[in-house]
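These notes are about the structure you will find just below.
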Amino acid sequence: MEAVKMVLKVMWRYRSLLIILMTPLLLLPLPVVIGTKVADCAFVLMLMAIYWLTEALPLSATAMLPALLFPLFGILKSNEVAKVYFKDFHLLLIGVICLATSIEKWGLHRRIALRLVTLVGVNPGWLMLGFMSGCAFLSMWVSNTSAVAMVMPIVEAVIQQILRSTEEADGRRSRAATGVSNLALQLDEMIGPKEKEDIMSSQVQDPEAQVYTIPENEVPPHRTVIPQVPGNKQDNMICKALCISIAYSSSMGGIATLPGTSPNLIFSEYMTQFYPDCDQINFGNWLLLCVPISILMLLLSWIWLYWLFIGSDFRSLLRCGGQRSEREKETARVIQEEYNSLGPISPQEVVTLIIFVLMALLWFTRKPGFMPGWANLFPEHAGYATDATAALLLGLLLFVIPAHGPSAKNFEAMITWKEFQAVMPWEVALLVGGGFALAEGTQVSGLSSWVATLLTPLGDLPVIATVTIACVIVTSITEVASNAATITIFLPILAPLAEAIQVNPLYMLIPTTLCTSFSFLLPVSNPSNAIVFGYGHLRTIDMVKAGLGTNIIGVLVAILAVTTLGVPLFGLNTYPDWAPVFPTSNSTGL
303 MEAVKMVLKV MWRYRSLLII LMTPLLLLPL PVVIGTKVAD CAFVLMLMAI YWLTEALPLS
363 ATAMLPALLF PLFGILKSNE VAKVYFKDFH LLLIGVICLA TSIEKWGLHR RIALRLVTLV
423 GVNPGWLMLG FMSGCAFLSM WVSNTSAVAM VMPIVEAVIQ QILRSTEEAD GRRSRAATGV
483 SNLALQLDEM IGPKEKEDIM SSQVQDPEAQ VYTIPENEVP PHRTVIPQVP GNKQDNMICK
543 ALCISIAYSS SMGGIATLPG TSPNLIFSEY MTQFYPDCDQ INFGNWLLLC VPISILMLLL
603 SWIWLYWLFI GSDFRSLLRC GGQRSEREKE TARVIQEEYN SLGPISPQEV VTLIIFVLMA
663 LLWFTRKPGF MPGWANLFPE HAGYATDATA ALLLGLLLFV IPAHGPSAKN FEAMITWKEF
723 QAVMPWEVAL LVGGGFALAE GTQVSGLSSW VATLLTPLGD LPVIATVTIA CVIVTSITEV
783 ASNAATITIF LPILAPLAEA IQVNPLYMLI PTTLCTSFSF LLPVSNPSNA IVFGYGHLRT
843 IDMVKAGLGT NIIGVLVAIL AVTTLGVPLF GLNTYPDWAP VFPTSNSTGL
């Protein structure tokens, strides 16, 4: 028995290596026995899907497999694969990250988030909505992970004040009853900063302390791990609600714009690559469809989280004015002090804000769909300029615009290349490139057509039922796999399926793309969840309970919006001219 346990322990320790070695061996009959191009491409697709889902190999390393295997199988030449790895998506990503670098460097994110919170007040429910709104707005323009890393230190300061004010109130009641003085306050006055730091460090490292210590590689660079102050049950539930709402709102805000999250960009580039005549996917149309989705999801999730963690007394949210509790006064003071510490808005923040507004306007007005855009000013070069053109123009300006006035001794630009490098997610760029290469391979080899033929019986179901099934499957898979990997796997499958059952591909792809971002269930579902979980206020069961309801809200809202707003906006009820007509009979074999 001990020997079996030892073997299992060793196998678990080397599970990644076992998956890497055993997966191709188990899939080997596809290229060896069957030996068709479709089977060869299926081997690559299934190999990459397993590696991506299990993360046995780093996601970026798995993304390079098409460059290795497609030439060996004779599916695509090496130079043809290489061309697919860098697309318009990458140029758009570079421009967006330039702006995100400047926002983070000069602290504009803190000013926006704190200003939104001060507008809604310090009642726990309104406070949660304020933080959710701020984080969602930021994640529309920067990555979800960056938005959470920017907002969570502010939330943590508020949480610590909530817990501390409760402890002080309990201490005052205890001292009034027993006459004991506040030894902790005396200790604070007697010891210096170095001793305080040592005490805090020893508390965090104490194995008996109920504190979740974050692994070094998961600690956001903006924060310091703060020892938890025990509070009562109500305060702990408020803290849970604040934390989990930040993680969820970043995903809800990210879906509102095309550059807000990687699945949106991958979908947009897929449409450009395989449906070049489709001009309906642009920043303006996406904004018109997805901002209402984001707002409705945000409000419904706020109600759900409030009911789950804070209580069912929604009347307290409607009370205006009145006497604030001590906790609310202390919370308001902390938020106001955080905002005052920023000082007056700096020239660098003003420049960043102007670039931010200009970029959004250029994206929206390039080709809004309901009116002529600035792209129409160049009729002889129709289709040449894209959203990436505007993003690059303004992003590169940040390397040129001086950060300080003429009186400065040395020239310093708004951002430097080193600062840009620290923020740029090169691994995501490579992952997406691998996805584009995989999609190209499935198209060239005929695998996508074979899969579509196999799934044609789904055409007997109502369209809404097929879309719902696809959304539920994608939402389930994305809980255990990265969002980018999930959408990369499913796009080459769902698009041919839509063609096979004569449904507008956008009807199938838009809701499933949105559902790819609904990874709310587990701490490991996405980096935003992991960052929030690392602060130590949540348990996994808290995230599971909250995530189940939020997932249901997300899927229902996405399907509702696509079947109402999406139908007139994209003409989803008709099969478009830009989509190929799928043959009624197909004899392609695996």
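To convert a position in the sequence shown, counted from 1, into my numbering, add 302.
Heads up, the beta-carbon is just placed ideally off N, CA and C, and yes, glycines get one too.
| query | result |
| --- | --- |
| Comparing C-alpha positions only, which one of Asp-581, Asn-587, Gln-536 sits nearest to Ala-558? | Asn-587 |
| Below 7 Å, is the gap between the Cβ of Leu-370 and the nearest heavy atom of the ligand PLP? | Ligands displayed in this structure: none; no statement on the ligand PLP is therefore possible. |
| Just how far apart, CA to CA, sit Ser-435 and Ala-305? | 55 Å |
| Run the CB neighbour count on Trp-719, radius 10 Å, all protein chains shown included, and call it buried at 16 or more, exposed below. | exposed |
| Touching or not, the region 411 to 424 and the region 661 to 669, by the rule of three or more beta carbon pairs under 8 Å? | no |
| Give every residue of the same chain whose Cβ lies closer than 8 Å to the Cβ of Leu-367, excluding the five residues on either side of it in the sequence, and list them in chain order. | Val-346, Leu-349, Met-350, Tyr-353, Gly-736 |
| Going by other Cβ atoms of all chains shown within 10 Å of its Cβ, with 16 needed for buried, is Ala-479 buried or exposed? | At Ala-479, the pLDDT of 49 sits below 50, so the modelled position is not reliable and the matter cannot be decided from this model. |
| Could you tell me which uninterrupted beta strand (DSSP E) segments, each at least 3 residues in length, are contained entirely in the region 393 to 420, listed from first to last along the chain? | none |
| Determine the direct distance from the alpha carbon of Asp-689 to that of Cys-343, and round the result to whole angstroms. | 32 Å |
| Hey, out of Leu-429, Glu-682, Asp-762, Trp-443, whose CA is closest to Ser-287's CA? | One cannot answer for residue 287 here, as it falls past the ends of the chain, which runs 303 to 892. |
| Can you have a look at Arg-923 and say buried or exposed, based on whether 16 or more other CB atoms are within 10 angstroms of its CB? | Since the displayed the chain opens at 303 and closes at 892, residue 923 lies outside it and no answer follows. |
| Below 8 Å on the Cβ atoms is my contact criterion, and I expect Leu-757 with Leu-799 to pass it. Report the Cβ-Cβ distance as a whole number of Å. | 5 Å |
| Leaving out the 5 sequence neighbours to the left and right, which residues in its chain are closer than 8 Å to Val-419 when beta-carbon positions are compared? | Leu-429, Gly-432, Phe-433, Gly-436, Ile-456, Ile-637 |
| Taking the alpha-carbon of Phe-611 as reference, which of Gly-851, Tyr-877, Gly-337 has the nearest alpha-carbon? | Gly-851 |
| From which residue to which residue does the alpha helix (DSSP H) around Arg-668 run? | 649 to 668 |
| Please work out which residues of its chain come closer than 6 Å, Cβ to Cβ, to Asn-566, disregarding the five sequence neighbours upstream and downstream, and give them in chain order. | Leu-560 |
| Reducing DSSP to helix, strand and coil, say where Val-883 ends up. | coil |
| With three or more beta-carbon pairs closer than 8 Å as the criterion, would you say the region 837 to 848 touches the region 803 to 814? | no |
| Do Ile-833 and Thr-403 have their C-beta atoms within less than 8 Å of each other? | no |
| Quick check on the DSSP output: the alpha helix (DSSP H) that includes Val-782 runs from which residue to which? | No alpha helix (DSSP H) holds Val-782; DSSP gives it neither H nor E. |
| Apart from the five residues on each side of it in sequence, which residues of its chain come closer than 6 Å, Cβ to Cβ, to Asn-828? | Ser-821 |
| Mind checking whether Ser-552 and Val-734 have CB atoms under 8 Å apart? | no |
| Since I believe Leu-699 is in contact with Gly-555 (beta carbons under 8 Å), could you give me their beta-carbon distance rounded to a whole number of angstroms? | About 25 Å; that fails the 8 Å criterion. |
| Whole angstroms is fine: what's the gap from Thr-633's alpha carbon to Val-460's? | 6 Å |
| Can you name, in chain order, every residue of its own chain whose Cβ lies under 6 Å from the Cβ of Tyr-577, other than the five neighbours on each side? | Trp-880 |
| Would you kindly report the start and end of the unbroken alpha helix (DSSP H) that includes Ile-548? | 535 to 556 |
| Is Asn-785 buried or exposed, if buried means 16 or more other CB atoms sit within 10 Å of its CB? | buried |
| If contacts are defined as beta-carbon pairs under 8 Å, then Met-573 and Ile-583 qualify, I think. What distance do you get, rounded to the angstrom? | 5 Å |
| Nearest-angstrom Cα distance between Arg-315 and Asn-712? | 53 Å |
| Do the CB positions of Ile-791 and Val-753 come within less than 8 Å of each other? | no |
| Can Leu-732 and Ser-362 be called in contact, C-beta distance under 8 Å? | yes |
| Rounded to the nearest angstrom, what separates Val-334 and Val-859 at their Cα positions? | 46 Å |
| List the DSSP bridge partners of Pro-704. | Ala-715 |
| As a quick exercise: from Leu-401, Pro-882, Thr-770, pick the residue whose alpha carbon is nearest that of Ile-703. | Leu-401 |
| Between Asn-853, Phe-872, Glu-721, which lies nearest to Glu-406 when the distance is taken from Cα to Cα? | Glu-721 |
| In whole angstroms, give me the CA-to-CA distance for Pro-897 and Tyr-877. | Because residue 897 is not part of the residues shown, which for the chain are 303 to 892, the question remains open. |
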